[in-house]
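I have placed the structure first, in the form of structure tokens, so that the comments after it can refer back to it.
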Amino acid sequence: MSQSSYFLALVFLGAVGPSLAADPQFELLHLLGAKQGVTPPVRFSGAAGKLVFGKPDPPLQYPSAVTADPQGRVWIADTGNRAVHMYDVARRKFNVLTGGGAVEFRCPAGIDSDSIGQIYVADACLARVFIFDSKGRFLRFLAGESAALLLGRPSALAVSRDRKTIYISDQARSKVVALNQEGERVGEWDSGLSADSSAALAVTPGRVFVLDSAQGLVRLFNSGGAPLGVLKWSQAKHITAFAYDPVRQLYFVGDGLHQTILIFDESGTHLGAFSQGGLSPTEMHAPSYLYADARGLVYAIDQLAAKVLVFREVNPPPRPSDPSASPPTFKRRNR
């Protein structure tokens, strides 16, 4: 496929049409960090945390990003508490990280996990990236003291599947910076983001997705920073969050105006929506951050309500054990 046709295949307005497989449907599974209320099937919220963990867990204050490790534990960067919260539903465990290497968090804004369970935390105020092992023990700073020379205000990050590259959205300089595990800069390019745009990154082999909420679109680059096009959906009136499931090849788009999460496939077909707007613990003001994990769960942060809602697909199809074994295909839809 030529570069021009590849570009055209990625720019669409959100077609509506039949899907070869049944359209996915999602239901609420967990509620994390809410100050009141519980949600079935697991009692898993801030005020009710003592029912699960044996002691009250500190409520979230201003969650900014979320990730899940290979064991299914959920890690939430909480800028308001200057902390990272770890929820382990299966083992009924809870933990809070407040920093590492004798350095306390100031603005933990971005978070991601890699294939061996290491946790990466970008602190926007310190211009540093903390790395923890799968048990939450501090390992090192990415790039060490030289990080301040490479980064201005790291507000989001994503780790490549092979763990070789950490992509960081530097909002202060409107750049995407790519670092290797040694902290060396292996790439850098203009992100096109304004200072008031929400920051979110997603990475698949050969592709880097950068949310530009101010423009209402997602910018797409190859792993070296060359622009491949933009993703824009006519059904999404006010894009506030974005996530990508590489196994199902689905885009999840947060619509702040309609207080919902929209689902699209690779061709731009609108497959449906889930979540409900409202003020109750199980409803959402607006999705401010989205994340899709390897098990097919979708995590939605509602910053105004200081909570994370976790959704699962109803009757999902079998998922390949290795997402890279099911590479995405790009097709142009006949209008």
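When you line the sequence shown up against the working numbering, it's residues 29 to 363, in that order.
The beta-carbon is built from N, C-alpha and C at its ideal position, and this holds for glycine as well.
Every value quoted in this text rests on a predicted model; they were computed, and no experiment measured them.
Asked: Strictly by DSSP, which residues pair up with L229?; Found: V238
Asked: Classify P315 as buried or exposed, calling it buried when 16 or more other Cβ atoms lie within 10 Å of its own Cβ.; Found: buried
Asked: For A227 versus A176, is the C-beta distance shorter than 9 Å?; Found: no
Asked: Which two residues bound the contiguous alpha helix (DSSP H) that contains A175?; Found: A175 to L178
Asked: Alpha carbon to alpha carbon, how far is H313 from Q287?; Found: 6 Å
Asked: Decide if S92 is buried, meaning its Cβ has at least 16 other Cβ atoms within 10 Å, or exposed.; Found: buried
Asked: How many angstroms separate the CA atom of S73 from the CA atom of L60?; Found: Residue placement at S73 is flagged as unreliable, the pLDDT there being 35, under the threshold of 50; the coordinate-derived value follows with that caveat. Between S73 and L60, the C-alpha separation is close to 5 Å.
Asked: State the beta-bridge partners of E132 as determined by DSSP.; Found: G127
Asked: Am I right that I144 and V112 are in contact with their C-beta atoms under 8 Å? What's the rounded C-beta distance?; Found: With 8 Å as the limit, I144 and V112 do not qualify as a contact, their Cβ atoms being about 18 Å apart.
Asked: Where does the unbroken beta strand (DSSP E) through H58 begin, and where does it stop?; Found: F54 to L60
Asked: Does the Cβ of G95 have 16 or more other Cβ atoms within 10 Å, making it buried, or fewer, making it exposed?; Found: Contrary to the premise, residue 95 reads as Thr rather than Gly in this sequence. Buried, by the Cβ-count rule.
Asked: Hey, is the region 207-224 in contact with the region 165-179, meaning 3+ C-beta pairs nearer than 8 Å?; Found: yes
Asked: Roughly how many angstroms lie between the CA atoms of N250 and V236, to the nearest whole one?; Found: 6 Å
Asked: Return the CA-CA distance between D161 and Q146, expressed in angstroms with no decimal places.; Found: 5 Å
Asked: Give me the residue from V205, D330, Q263 and D116 with the minimum Cα distance to L307.; Found: D330
Asked: To the nearest whole angstrom, what separates the beta carbons of A271 and Y195, a pair I think is in contact under 8 Å?; Found: Their Cβ separation, rounded to whole angstroms, is 15 Å, which puts A271 and Y195 out of contact at 8 Å.
Asked: Run through the region 128-212 for me and flag every whole alpha helix (DSSP H) of 4 or more residues, listed as ranges in chain order.; Found: 175-178
Asked: Do E55 and R323 have their C-beta atoms closer together than 9 Å?; Found: no
Asked: Smallest Cα separation from V124: which of R156, K163 and G100?; Found: K163
Asked: With the cut-off set at 9 Å, would you say I267 and V246 are in Cβ contact?; Found: yes
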